[in-house]
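Peer 1:
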Amino acid sequence: MVVARCALCGKRAEVPKEHKDYRRLEEAEDDERMKMVYVCDMCSHRVRYESDNQMKPKKPI
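Residues in the sequence shown are numbered from 19 upward in steps of one, following this note's numbering.
1. How many whole angstroms separate the CB atoms of methionine 60 and arginine 23, which I take to be in contact at a CB cut-off of 8 Å?
2. Taking the straight line between their C-alpha atoms, what separation do you get for asparagine 71 and cysteine 58?
3. Looking at the structure shown, is glutamate 36 part of a helix, part of a strand, or coil, going by DSSP?
4. Shortest alpha-carbon distance to leucine 26 belongs to which of Lys76, Tyr56, Tyr67, Arg41?
5. What does a CB cutoff of less than 6 Å around arginine 30 pick up in its chain, not counting 5 residues either side in sequence?
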């Protein structure tokens, strides 16, 4: 497992082998890994939810 820090919330998370960025993070050295952009699943879902809500039409008053 590779440990990476989320760019949005700052939480350290273990990246499983099934994750799309696992190979890229595994090949990087420790100091490079801290500079790489990684977004955890929770933040990814949050950003998607917020963007979906903003695309919805506004209700008239």
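Quick reminder that beta carbons are idealized off the backbone N, C-alpha and C, glycines included.
Just so we're clear, the structure is a prediction, and the values are computed from it rather than from any experiment.
Peer 2: So, from the data block:
1. Contact between methionine 60 and arginine 23 fails: their C-beta atoms lie close to 14 Å from each other, not under 8 Å.
2. CA-CA distance, asparagine 71 to cysteine 58, rounds to 20 Å.
3. Glutamate 36 carries a coil assignment under DSSP once its states are collapsed to helix, strand and coil.
4. The residue with the shortest Cα to Cα distance from leucine 26 is Tyr56.
5. The answer, listed in chain order, is Val21, Arg23.
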